[in-house]
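A.B. asks: The sequence shown begins at 29 in the numbering used here and counts up one residue at a time.
Sharing a structure here in structure tokens format.
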Amino acid sequence: MKYSTLCLGTRRDAVTWEEGCQKLGMTCSVSIRLPKPSMKAMKSFFTSQGNWLYFGGHFSDYQFANGSPWHEDVLYNHAMYKRSLYNDAGVYFTSDDKTKIVVGLDSYNFRKYSKDFNLYTTAKVILWGGCNTLVDESRARKLMSLFNGTKIADLAPKRSIGKFIIQPPTVRTNSTEKPQFALEEPPIIPATSSAIYSTAMIGFRRMTDLGIVDNVLKGDKGFFAKVDNARMPHNEIVEAWLTAALDVYPNNSDMLSRFAAVDATGQQWVIENKKIKKGFSV
């Protein structure tokens, strides 16, 4: 099992995430922890074969970025003006089967089922380290659909989904660590017959920040302390995320109401009155 990290900033929680994944025995596929990564680095994340994925940054209107969104036309005081895009980088989740990465004025589209987008075949767990990612059904459905993994029908000869190959050395843009090579692994298959999706998503339905993410990941009461191994069933991973929140913030109802998860059946889970409850269903 492997993890991949796309952190648009130098955030402590991304380090905690990687340390936790390593303790579970996972190896690094791609690690990016920079405010303004290059287009080459951004592409390497989506072409990686990560099974556990981390997105760190600001999330708004289906845009994941470090700082302000990168729209070229911006409304300010009832007038439109052009903003420089050269220093901006981010990810725009444009549809159920396409995502666009942007670095300055340069952009690139990844389409599901294309040979250069490996994550949809490998992703099992996605941690969204940004605000409001799991706040409503339509948003969750778009994100789940994009990363929904390979099913039996997708493996049929009539459909070409590319070939798993040995990836280039691990991309580490801010580390002196020796590169690791990603090994070939079969696609992740849903853990149970009732699973609709092949991923479980953990994150937030309200505003958050890097301190909150870091706190719930680390320590004896944190998320990684509750995960036995990287191949745990989706529902147990969701439970670990929410029970970690309950243990880390036991008397903070406002904080607890921020946490959310969506399991592989498409069921959202939230915390209300210090209890884990069902939310919407994707």
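Glycine is no exception: its CB is placed at the ideal position from the N, C-alpha and C atoms.
What is the DSSP secondary structure of Val-290, reduced to helix, strand or coil?
C.D. replies: Looking at Val-290 - three-state DSSP - the assignment turns out to be strand.
A.B. asks: Are the beta-carbon atoms belonging to Tyr-120 and Tyr-90 less than 8 Å from one another?
C.D. replies: It is a contact, given that the beta carbons lie within the stated cut-off.
A.B. asks: My understanding is that Ala-117 touches Lys-68, with C-beta atoms under 8 Å, so please give their C-beta distance in whole angstroms.
C.D. replies: About 12 Å separates the two Cβ atoms, so there is no contact after all.
A.B. asks: If you compare alpha carbons, which of Asn-160, Thr-161 and Thr-149 is closest to Thr-227?
C.D. replies: That would be Thr-149, whose Cα lies nearest to the Cα of Thr-227.
A.B. asks: Using a threshold of 8 Å, state whether the C-beta atoms of Arg-169 and Val-298 are closer than that.
C.D. replies: Contact flag unset, no.
A.B. asks: Is Met-235 buried or exposed, if buried means 16 or more other CB atoms sit within 10 Å of its CB?
C.D. replies: Counting Cβ neighbours within 10 Å, Met-235 comes out exposed, since fewer than 16 surround it.
A.B. asks: Secondary structure at Asn-313, three-state DSSP: helix, strand or coil?
C.D. replies: Residue 313 lies beyond the stretch modelled for the chain, which goes from 29 to 310, so this question has no answer here.
A.B. asks: Counting only the same chain and skipping the five closest in sequence on each side, list residues whose C-beta sits under 6 Å from that of Cys-35.
C.D. replies: Cβ neighbours of Cys-35 beyond the five flanking positions: Ala-42, Arg-61 and Gly-84.
A.B. asks: Do Gly-294 and Ile-224 have their beta-carbon atoms positioned less than 8 Å apart in this structure?
C.D. replies: Taking 8 Å as the Cβ cut-off, Ile-224 and Gly-294 qualify as a contacting pair.
A.B. asks: Could you give the DSSP three-state label for Phe-145: helix, strand or coil?
C.D. replies: Note: Phe-145 maps to coil in three-state DSSP.
A.B. asks: According to DSSP, is Phe-121 part of a helix, a strand, or is it coil?
C.D. replies: Residue state, collapsed to three classes: strand.
A.B. asks: Express the C-alpha separation of Arg-139 and Asp-125 in angstroms, rounding to a whole number.
C.D. replies: If you take the alpha carbons of Asp-125 and Arg-139, they lie about 6 Å apart.
A.B. asks: Just to confirm my understanding: we take Gly-239, look at its own chain, exclude 5 residues before and 5 after, and list those with CB closer than 7 Å. What are they?
C.D. replies: Cβ within range, chain order: n/a, list empty.
A.B. asks: Going by CA-CA distance only, name the one from Pro-261, Gly-158, Leu-274 and Glu-264 that's closest to Asp-248.
C.D. replies: It is Leu-274.
A.B. asks: If we ignore side chains and look at the alpha-carbon of each, how far apart do Ser-328 and Val-163 end up?
C.D. replies: The structure shown does not extend to residue 328, since the chain is modelled only from 29 through 310, so no value can be given for it.
A.B. asks: Can the beta-carbon of Gln-29 be found closer than 8 Å to that of Ala-258?
C.D. replies: For the sequence presented, residue 29 should be read as Met rather than Gln. Yes. Within cutoff.
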